[in-house]
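So the protein lines, in turn, are chains X and S.
Counting in numbering that gives the first Met the number 0, the first sequence runs from 0 upward without gaps.
Counting in numbering that gives the first Met the number 0, the second sequence runs from 0 upward without gaps.
In what follows, a structure is listed as structure tokens, so that the remarks can point back to it.
Protein chains: 2
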Amino acid sequence: MPRTRQDGPTGPSERARPTSRDVARHAGVSQATVSLVLGEKWHGRVSVRTAETVRTAAHQLGYRPNLAARSLRLGRTRTALLVVPVLNSDFFAHVHTGAARVAAEHDFGIVLYPSPEVVSPTPGPFHSARSALDGVIASSMAPEALAVLRGDGLPLVMLDSDPRGAQAATVNLDIADGMRRAVRHLLDLGHRRLAHIPAAVDSWTFAVRARALAEALTGTGGALVRTEPAALSVADGLRAATRVLSATGPDRPTALICDDDLLAAGACKAARRLGLRVPTDLSVTGFDDLDLATALEPELTTVRLPAEDVGAAGMRALLSVLEGRSTATEVLPVTLIPRGSTGPPPGPS
Amino acid sequence: MPRTRQDGPTGPSERARPTSRDVARHAGVSQATVSLVLGEKWHGRVSVRTAETVRTAAHQLGYRPNLAARSLRLGRTRTALLVVPVLNSDFFAHVHTGAARVAAEHDFGIVLYPSPEVVSPTPGPFHSARSALDGVIASSMAPEALAVLRGDGLPLVMLDSDPRGAQAATVNLDIADGMRRAVRHLLDLGHRRLAHIPAAVDSWTFAVRARALAEALTGTGGALVRTEPAALSVADGLRAATRVLSATGPDRPTALICDDDLLAAGACKAARRLGLRVPTDLSVTGFDDLDLATALEPELTTVRLPAEDVGAAGMRALLSVLEGRSTATEVLPVTLIPRGSTGPPPGPS
DNA sequence: CGCCGGGGGTTGTACGTATAACGTGGAACT
DNA sequence: AGTTCCACGTTATACGTACAACCCCCGGCG
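Below, the structure is given as structure tokens:
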């Protein structure tokens with residue numbers, strides 16, 4: 000007997016949750032009527048008086064619909080999965096916040112999934128096997144992980160990912176424009192020899208940065224003198240920047256473009272250790288505009304990515320897909336935030 | 000007719016998900032047998048041959064159990080809610096990671112909820128109204144929010160919260176010990192005049208810091224010369240530290256103890272702006288050991304809080320509670336990470 | 001030879017909800 | 001007076017699963 004009322008060890012204070020039938024009994028109507036009223040589908044089918052009776056009864060009993068039952072009946076769960084590569088970046092934390100806000104407005108829940116590998120070593124059948132889901136929002140995923148996701152056949156929205164060839168709605172950041180702005184900013188300050196510290200991560204969002212950087216430099220007199228990829232951490236940014244800055248003569252750049260604020264922070268550290276002052280001797284730019292950017296001294300010039308907007312737009316896109324309206328790729332604008340880590344290049348000492 | 004097979008606009012490729020009954024038909028057995036086999040409850044009730052047949056059939060069809068149905072039947076959802084005050088701190092991101100890892104090991108899911116207010120302005124009926132939950136892990140919650148949570152009558156585990164009077168399992172950090180270590184560290188370096196920048200947040204974890212600081216100083220010759228609370232941000236840490244450091248003479252502290260790395264970062268900024276070098280003229284300590292701590296120059300001496308362990312222990316505690324084993328309060332040790340932001344006080348110039 | 005036992009399943013039911021399909025009493029119209 | 005029709009509900013059912021309770025057949029034993 001699995002279903003005896005739990006009046007045992009927990010005591011009788013552990014009241015079983017009231018069901019719609021309990022409410023019905025209490026209000027003197029049938030369970031169907033309760034469902035109609037509480038589901039706001041009663042107009043013209045139930046009298047105003049009865050509806051009111053039902054509502055007060057539900058309130059008195061503290062009735063909460065059983066979502067498992069509702070999901071089973073409806074075949075929908077009003078829950079979306081948000082997959083992010085790493086959570087310990089407040090970029091994705093903000094993505095989540097934005098998505099959760101929109102979700103809440105539409106009575107949706109969000110399950111956060113910090114990349115399959117983090118939680119379980121076996122990619123295996125994806126988490127959607129566990130939680131009942133209506134759709135998936137995947138952020139900056141590697142292609143093979145995406146394939147796994149798509150295997151579930153769930154409605155999918157991709158964030159900050161390659162829109163080509165993806166049979167899915169996509170919400171992107173205008174990363175290329177961001178890079179153009181950063182380059183333009185440095186060129187305007189007078190820099191001509193730039194170096195790039197790309198993130199050593201195989202994902203669309205970083206591939207775009209490299210391409211846009213090259214394009215933005217063509218025909219401007221500026222040149223990319225060095226490229227040194229780094230893993231996404233302060234420590235590896237430090238290492239990469241140190242290598243780049245150890246060059247001398249015309250190979251030494253006067254400005255460093257980093258794919259991420261973490262890398263930029265590492266670069267600033269490297270500069271200081273090499274006796275270079277930022278921005279007097281070296282300019283540094285980042286991407287994201289994390290908390291970190293203003294914690295540093297000098298504060299970081301960076302391309303701000305509207306993370307919360309990305310999450311919100313992603314959730315909205317998913318809702319559209321679920322309602323049958325297919326969505327075009329959406330591209331959100333980014334802004335360059337000039338701060339203290341960039342300045343004119345040092346004079347030709 | 001709500002349940003016509005969806006062969007319309009989406010096309011016939013949108014196969015309906017196979018149910019246990021489909022598997023049964025495919026394997027030539029009854030649905031009950033499928034349930035027994037897949038639920039690993041068949042030993043001695045189903046022959047090995049049949050069990051194998053069922054499993055291959057399930058695999059061929061790509062069967063995934065419908066979790067809504069299972070939850071309805073079982074009355075349990077294998078889903079826990081993790082409530083955190085703010086997500087845009089990688090402390091809580093790590094808490095989540097730890098909890099999610101343990102959850103995955105036990106085939107549990109985790110729904111993350113970044114504090115009621117963030118998502119919906121009305122606290123109202125809590126999120127547990129939305130998602131079907133087996134239990135709640137609440138991290139550093141304000142008392143009134145906790146009361147709302149408890150109102151749902153769900154099994155509850157609290158993280159980093161006041162264990163007294165809480166009829167719930169608690170996983171705590173030995174914050175008091177952390178503060179003691181920080182103070183001891185500074186005293187050992189020779190500091191005698193300390194200032195405290197507490198977080199202006201009404202929560203247990205910060206209240207403990209203040210108390211432990213006072214206790215750690217009694218009878219040591221060290222004194223707390225100033226206390227200036229700040230909101231949990233770099234900017235407000237900067238503001239508060241600026242006020243503290245503007246004092247002159249014996250009121251000016253030689254070391255700043257900050258309740259959080261963000262505040263410590265702000266303090267370092269303040270020091271630099273006032274022409275004070277860290278650690279030569281001023282020592283600074285923080286709490287958390289965020290990425291931030293090693294991004295700064297000098298790197299931050301800080302009390303490392305094992306965030307991931309907290310999350311993991313919290314999830315384990317919840318599992319214990321769900322299995323009827325009540326859990327004692329657990330206290331995790333913390334460590335002081337001495338780095339570049341602390342040093343001997345300046346000589347009596 | 002009749003009865004027991006147990007291995008190997010099956011049938012039936014309940015979880016709580018949403019909604020299609022079906023009354024039902026009475027006012028209004030023919 | 002009979003028919004229509006509507007306002008207001010109710011009854012019945014299905015979603016997919018887990019498991020209690022039953023069933024049947026066959027070998028062994030008294």
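Backbone N, C-alpha and C define an ideal beta-carbon position, used for all residues, glycine too.
| When you compare each of X:Ala234, X:Gly220, X:Gly221 and X:Gly274 to serine 245 of chain X by their alpha carbons, which one comes out closest? | The residue labelled residue 245 of chain X in the question sits at position 246 within the first sequence. Out of X:Ala234, X:Gly220, X:Gly221 and X:Gly274, X:Gly274 has the C-alpha closest to the C-alpha of serine 245 of chain X.
| query | Who are the neighbours of valine 233 of chain S on chain X, taking C-beta pairs under 7 Å? | reply | Locating residue 233 of chain S in the second sequence gives position 234, counting from the first residue. Here the neighbours are Asp290, Thr293 and Ala294.
| field | Segments of 3+ residues assigned as beta strand (DSSP E) that fall wholly inside the region 252 to 286 of chain X | value | Within the region 252 to 286 of chain X, the runs of beta strand (DSSP E) at least 3 residues long that lie entirely inside it are, in chain order, 254 to 257.
| Amino acids of chain S, ordered along the chain, whose beta-carbon sits closer than 7 Å to that of alanine 68 of chain X | Indexing the first sequence from 1 puts residue 68 of chain X at position 69. Proximity of chain S to alanine 68 of chain X at the Cβ level (cut-off 7 Å) is accounted for by Leu71, in chain order.
| If leucine 261 of chain X and leucine 291 of chain X are in contact, beta carbons under 8 Å, what's the gap, nearest whole angstrom? | Working through the first sequence from its first residue, we reach residue 261 of chain X at position 262. Working through the first sequence from its first residue, we reach residue 291 of chain X at position 292. The C-beta distance from leucine 261 of chain X to leucine 291 of chain X rounds to 7 Å, short enough to meet the 8 Å contact threshold.
| query | Quick one: does lysine 268 of chain X have its CB under 8 Å from some CB of chain S? | reply | As a working note, residue 268 of chain X is residue 269 in the first sequence. Yes, because at least one Cβ of chain S sits closer than 8 Å to the Cβ of lysine 268 of chain X.
| task | Under 7 Å Cβ to Cβ from leucine 145 of chain X, same chain only, skipping five residues before and after it: list those, please. | result | Residue numbering aside, residue 145 of chain X sits at position 146 when the first sequence is read from its first letter. Within the same chain, leucine 145 of chain X has close Cβ partners Ala137.
| query | Mind checking if aspartate 89 of chain S is an interface residue toward chain X, Cβ cutoff 8 Å exclusive? | reply | Counting from 1 along the second sequence, the entry for residue 89 of chain S is found at position 90. Judged by the 8 Å Cβ criterion, aspartate 89 of chain S is in contact with chain X.
| request: Evaluate phenylalanine 125 of chain X with the Cβ neighbour count: other Cβ atoms within 10 Å of its Cβ, from every protein chain shown; 16 or more gives buried, anything less gives exposed. | output: Residue numbering aside, residue 125 of chain X sits at position 126 when the first sequence is read from its first letter. In this prediction, phenylalanine 125 of chain X has a pLDDT of 45, which is less than 50 and means its spatial position is unreliable; what the coordinates show is noted afterwards. It is buried - the Cβ of phenylalanine 125 of chain X has at least 16 other Cβ atoms within 10 Å.
| query | So, is serine 340 of chain X buried or exposed, given that buried needs 16 or more other C-beta atoms within 10 angstroms? | reply | Within the first sequence, residue 340 of chain X is the residue found at index 341, counting from 1. Of the other Cβ atoms in all chains shown, 16 or more fall within 10 Å of the Cβ of serine 340 of chain X; this residue is therefore buried.
| request: Compare the Cα-Cα distances from histidine 184 of chain X to each of X:Leu335, X:Pro17, X:Asp21 and X:Ala23 and report the closest residue. | output: Here the question's residue 184 of chain X lines up with position 185 in the first sequence. When only C-alpha atoms are compared, the closest one is X:Leu335.
| chain X contact residues for valine 110 of chain S, given Cβ-Cβ distances below 7 Å | As a first step, residue 110 of chain S must be located in the second sequence, where it is residue number 111. By Cβ distance, chain X contributes Gly108 and Val110.
| query | Considering only residues of the same chain and omitting the five flanking positions on each side of valine 330 of chain X, which have a CB-CB separation below 6 Å? | reply | Within the first sequence, residue 330 of chain X is the residue found at index 331, counting from 1. Taken in chain order, the residues that qualify are Asn171 and Asp173.
| message | Please return the same chain residues whose Cβ sits closer than 6 Å to the Cβ of valine 156 of chain S, not counting the five positions on each side in sequence. | response | On the second sequence, position 157 is the one that residue 156 of chain S refers to. Cβ within range, chain order: Ile136, Ala168, Gly313, Ala316 and Leu317.
| field | Three-way DSSP call (helix, strand, coil) for methionine 178 of chain S in this model | value | As a position in the second sequence, residue 178 of chain S is number 179, starting the count at 1. Assigned with DSSP and collapsed to three states, methionine 178 of chain S falls in helix.
| said: Among the candidates X:Thr76, X:Leu111 and X:Tyr112, whose CA atom is the shortest distance from the CA of histidine 105 of chain X? | reply: Position 106 of the first sequence, counted from the start, is the residue given in the question as residue 105 of chain X. Comparing Cα-Cα distances from histidine 105 of chain X to each of X:Thr76, X:Leu111 and X:Tyr112, the minimum goes to X:Thr76.
| Below-8 Å beta-carbon distance, threonine 328 of chain S vs any chain X residue | Within the second sequence, the letter at position 329 stands for residue 328 of chain S. No, threonine 328 of chain S does not count as interfacial toward chain X.
| task | Determine the DSSP secondary structure at glutamate 329 of chain S, reduced to helix, strand or coil. | result | As a working mapping, residue 329 of chain S is identified with position 330 in the second sequence. Residue state for glutamate 329 of chain S is assigned as strand, using DSSP reduced to three classes.
| query | Helix, strand or coil for histidine 95 of chain S per DSSP? | reply | As a first step, residue 95 of chain S is located in the second sequence; it is residue number 96 there, counting from the start. If DSSP states are grouped into helix, strand and coil, histidine 95 of chain S belongs with the helices.
| task | Quick one: give me the first and last residue of the beta strand (DSSP E) that glycine 108 of chain X is part of. | result | The residue you call residue 108 of chain X lines up with position 109 of the first sequence. Where glycine 108 of chain X is concerned, the enclosing beta strand (DSSP E) stretches over 108 to 112.
| request: Could you have a look at methionine 140 of chain S and say whether DSSP puts it in helix, strand or coil? | output: For this step, residue 140 of chain S is matched to residue 141 along the second sequence. Methionine 140 of chain S sits in coil when the DSSP states are folded into three classes, being neither helix nor strand.
| task | For arginine 271 of chain X, go through chain S and note every residue whose CB falls closer than 7 Å to its CB, in chain order. | result | Stepping through the first sequence from its first residue, residue 271 of chain X is reached at position 272. Residues of chain S passing the Cβ test: Glu296.
| field | Residue span of the beta strand (DSSP E) that contains alanine 168 of chain S, given as start and end | value | Walking along the second sequence from the start, residue 168 of chain S turns up at place 169. For alanine 168 of chain S, the enclosing beta strand (DSSP E) stretches over residues 168 to 172.
| field | Length of the line joining the Cα atoms of glycine 108 of chain X and leucine 321 of chain S | value | Counting from one through the first sequence, the residue named residue 108 of chain X turns up at place 109. Counting from one through the second sequence, the residue named residue 321 of chain S turns up at place 322. For the pair glycine 108 of chain X and leucine 321 of chain S, the Cα-to-Cα distance works out to about 23 Å.
| query | Which residue's Cα is closest to the Cα of serine 160 of chain X: X:Met140, X:Ala102 and X:His42? | reply | Counting from 1 along the first sequence, the entry for residue 160 of chain X is found at position 161. Of X:Met140, X:Ala102 and X:His42, the residue nearest in Cα terms is X:Met140.
| Three-state secondary structure assigned by DSSP to histidine 195 of chain S | Counting from 1 along the second sequence, the entry for residue 195 of chain S is found at position 196. DSSP, reduced to helix, strand and coil, places histidine 195 of chain S within a strand of the structure shown.
| When the cut-off is 8 Å and only beta carbons count, does alanine 211 of chain X lie next to chain S? | What you label residue 211 of chain X is simply residue 212 of the first sequence in a count that begins at 1. False, the Cβ-Cβ gap to chain S never drops below 8 Å.
| query | Under the three-state reduction of DSSP, which class applies to leucine 317 of chain S: helix, strand or coil? | reply | Locating residue 317 of chain S in the second sequence gives position 318, where the first residue counts as 1. Looking at leucine 317 of chain S - three-state DSSP - the assignment turns out to be helix.
| query | Would alanine 240 of chain X pass as a contact of alanine 222 of chain X if the rule is Cβ separation under 8 Å? | reply | Position 241 of the first sequence, counting from 1, holds the residue named residue 240 of chain X. Position 223 of the first sequence, counting from 1, holds the residue named residue 222 of chain X. Cβ distance not < 8 Å, so alanine 240 of chain X and alanine 222 of chain X don't count as in contact.
| message | Can you confirm whether the region 67 to 76 of chain X touches the region 276 to 285 of chain S when touching is taken to mean that 3 or more C-beta pairs between the two stretches lie within less than 8 Å? | response | No contact exists between the region 276 to 285 of chain S and the region 67 to 76 of chain X.
| request: Take proline 301 of chain S as the anchor and find which of S:Asp308, S:Val283 and S:Val309 has the nearest alpha-carbon. | output: By 1-based counting over the second sequence, the position of residue 301 of chain S is 302. Going by the sequence as given, residue 301 of chain S is threonine instead of proline. Nearest Cα to threonine 301 of chain S within the set S:Asp308, S:Val283 and S:Val309: S:Val283.
| said: Using the three-state DSSP reduction, which class does leucine 237 of chain S fall into: helix, strand or coil? | reply: If you number the second sequence from 1, residue 237 of chain S lands on position 238. Helix, per DSSP.
| task | Specify, as a first and last residue, the run of the beta strand (DSSP E) that threonine 301 of chain X falls within. | result | The residue given as residue 301 of chain X occupies position 302 in the first sequence. Unbroken beta strand (DSSP E) run through threonine 301 of chain X: 300 to 303.
| message | Taking a contact to mean a Cβ-Cβ separation below 8 Å, would you say aspartate 280 of chain S touches proline 345 of chain S in this structure? | response | In the second sequence, the residue the question calls residue 280 of chain S occupies position 281. In the second sequence, the residue the question calls residue 345 of chain S occupies position 346. It is a contact, given that the beta carbons lie within the stated cut-off.
| Taking DSSP as the reference, what is the three-state secondary structure of alanine 67 of chain S? | Counting from one through the second sequence, the residue named residue 67 of chain S turns up at place 68. Under the three-state reduction of DSSP, alanine 67 of chain S is assigned to helix.
| request: Can you say whether histidine 190 of chain X is buried or exposed, counting buried as having 16 or more other CB atoms within 10 angstroms of its CB? | output: Locating residue 190 of chain X in the first sequence gives position 191, counting from the first residue. Burial call: buried.
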